[in-house]
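Participant: The structure follows.
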Amino acid sequence: MKSYRYWCEDKDLVSCNVVIKESDLYIRAQKNLEKKAFKSLSKYRLILEKYIACNPFFESSLKPVSLKKKAPLIVEKMAEAAKKAGVGPMAAVAGAIAEFVGRDLLNYSPEVIIENGGDIFIKTIKVRRIGIYSGSSSFTGKIAIEISPQKTPMGICTSSGTMGHSLSLGRADAVVVSSSSAILSDASATAIGNLVKTEEDISEGIELARKIDGVSGILIIKNDKMGIWGDVKIGF
Numbered sequence: 002m003k004s005y006r007y008w009c010e011d012k013d014l015v016s017c018n019v020v021i022k023e024s025d026l027y028i029r030a031q032k033n034l035e036k037k038a039f040k041s042l043s044k045y046r047l048i049l050e051k052y053i054a055c056n057p058f059f060e061s062s063l064k065p066v067s068l069k070k071k072a073p074l075i076v077e078k079m080a081e082a083a084k085k086a087g088v089g090p091m092a093a094v095a096g097a098i099a100e101f102v103g104r105d106l107l108n109y110s111p112e113v114i115i116e117n118g119g120d121i122f123i124k125t126i127k128v129r130r131i132g133i134y135s136g137s138s139s140f141t142g143k144i145a146i147e148i149s150p151q152k153t154p155m156g157i158c159t160s161s162g163t164m165g166h167s168l169s170l171g172r173a174d175a176v177v178v179s180s181s182s183a184i185l186s187d188a189s190a191t192a193i194g195n196l197v198k199t200e201e202d203i204s205e206g207i208e209l210a211r212k213i214d215g216v217s218g219i220l221i222i223k224n225d226k227m228g229i230w231g232d233v234k235i236g237f
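Just so we're on the same page, the numbering used here is the position in the sequence shown counted from 1, plus 1.
Here it is in structure tokens:
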């Protein structure tokens, strides 16, 4: 299990872990939803796999793609978010899986938090704090984003060019984007992360975040420098 998952300090939610191929979901809810989560994850992975088998450009493109005909909802949402952020649709896949599975699980628990490789879908009924993991940066484990329940469900997604296996053309330690959609947050974090190669690029990353329709806040970390914009409440 990813080490940062051991950081959870709340005692009021139950945890489970569901893994299918590349999808590794860490789930917290008011009860154990492992079986329901596995079923939901299987459903959405199958939808995506079938679509990609017929439309391989959807998986390979690093730029937004136009859907020529009716597609499954998860595919449409990924393409829509990718177009807003200016990236390929697979840049939104982890956030899309987290959100679609999370919304399914809300039928069984009023609170659901799903983390999928640093991309989070959250619906909560109390204030929660999400710790920031930024690799070797001095900020790792020292700051958190405070989430108000009235702003959820929402997505908080992280892109990094210095850790993890996801493709990033930049070198940011962490680009954390918040919005009402984990799908948009994921695509936007990738787009912004691609820009940040040095500490001097933080301001350029923030300017891009301001231009993406739907993004509500951003936090960028590179080495010992941090930039913040928008609706982001930081705790230490």
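Don't be surprised by glycine CBs; every beta carbon is placed ideally from N, CA and C.
If you scan the region 134-218 from start to end, which runs of the beta strand (DSSP E) of 3 or more residues do you find wholly inside it?
Facilitator: Qualifying beta strand (DSSP E) stretches, in chain order: 145-148, 155-160 and 175-180.
Participant: In the DSSP assignment, find the unbroken beta strand (DSSP E) run with ALA30 in it and report its ends.
Facilitator: Numbered from its first residue, the sequence shown carries residue 30 at position 29. Unbroken beta strand (DSSP E) run through ALA30: 24-30.
Participant: Under 8 Å between the Cβ atoms of ALA85 and ASP214?
Facilitator: Here the question's residue 85 lines up with position 84 in the sequence shown. Here the question's residue 214 lines up with position 213 in the sequence shown. It should be noted that the sequence gives Lys, not Ala, for residue 85. Yes. Within cutoff.
Participant: Which whole-angstrom value describes the C-beta separation of SER180 and VAL216, a residue pair presumed to lie in contact below a C-beta threshold of 8 Å?
Facilitator: The residue labelled residue 180 in the question sits at position 179 within the sequence shown. The residue labelled residue 216 in the question sits at position 215 within the sequence shown. Contact flag correct, Cβ pair sits at about 5 Å.
Participant: Regarding ALA86 and the ligand PLP, is the C-beta to nearest heavy atom distance less than 7 Å?
Facilitator: Absence of the ligand PLP from the depicted structure is noted, as is the absence of any ligand whatsoever, leaving it without description.
Participant: Measuring only the C-alpha atoms, how far is LEU68 from ALA80?
Facilitator: Indexing the sequence shown from 1 puts residue 68 at position 67. Indexing the sequence shown from 1 puts residue 80 at position 79. The alpha-carbon atoms of LEU68 and ALA80 are separated by roughly 8 Å.
Participant: How is ASP232 classed by DSSP in three states: helix, strand or coil?
Facilitator: The count along the sequence shown starts at 1 and reaches residue 232 at position 231. Coil at ASP232, not helix or strand.
Participant: Across which residues does DSSP place ASN117 in a beta bridge pair?
Facilitator: Here the question's residue 117 lines up with position 116 in the sequence shown. DSSP lists LEU26 and ASP120 as partners of ASN117.
Participant: Suppose you measure from the CA of PHE59 to the CA of ARG46; what does that come to, to the nearest Å?
Facilitator: Numbered from 1 along the sequence shown, position 58 holds the residue referred to as residue 59. Numbered from 1 along the sequence shown, position 45 holds the residue referred to as residue 46. Rounded to the nearest angstrom, the two C-alpha atoms are 14 Å apart.
Participant: Give the secondary structure of LYS78 by DSSP, where H, G and I count as helix, E and B as strand, and everything else as coil.
Facilitator: Taking the first residue of the sequence shown as position 1, residue 78 is located at position 77. Three-state result, LYS78: helix.
Participant: DSSP on LEU220, reduced to helix/strand/coil?
Facilitator: Stepping through the sequence shown from its first residue, residue 220 is reached at position 219. In the structure shown, LEU220 sits in a strand (DSSP, three-state: E or B).
Participant: Roughly how many angstroms lie between the CA atoms of ILE193 and GLU35, to the nearest whole one?
Facilitator: One-based indexing of the sequence shown puts residue 193 at position 192. One-based indexing of the sequence shown puts residue 35 at position 34. Taking the straight line from one Cα to the other gives about 33 Å.
Participant: Whose CA, out of GLY228, LEU196 and ILE219, lies closest to the CA of VAL88?
Facilitator: Sequence index remark: in the sequence shown, residue 88 carries index 87 (1-based). When only C-alpha atoms are compared, the closest one is LEU196.
Participant: With ILE96 and SER186 assumed to form a contact (beta carbons below 8 Å), what rounded beta-carbon distance in angstroms separates them?
Facilitator: If you number the sequence shown from 1, residue 96 lands on position 95. If you number the sequence shown from 1, residue 186 lands on position 185. For clarity, residue 96 is Gly in the given sequence; the question names Ile instead. 6 Å between Cβ atoms; contact.
Participant: Which residues mark the beginning and the end of the alpha helix (DSSP H) in which VAL102 is found?
Facilitator: In the sequence shown, the residue the question calls residue 102 occupies position 101. Unbroken alpha helix (DSSP H) run through VAL102: 94-106.
Participant: List the whole-angstrom C-beta distance separating PRO111 from GLN31, where the pair is believed to meet the contact cut-off of C-beta under 8 Å.
Facilitator: Residue numbering aside, residue 111 sits at position 110 when the sequence shown is read from its first letter. Residue numbering aside, residue 31 sits at position 30 when the sequence shown is read from its first letter. The pair is a contact, with the Cβ atoms about 7 Å apart (cut-off 8 Å).
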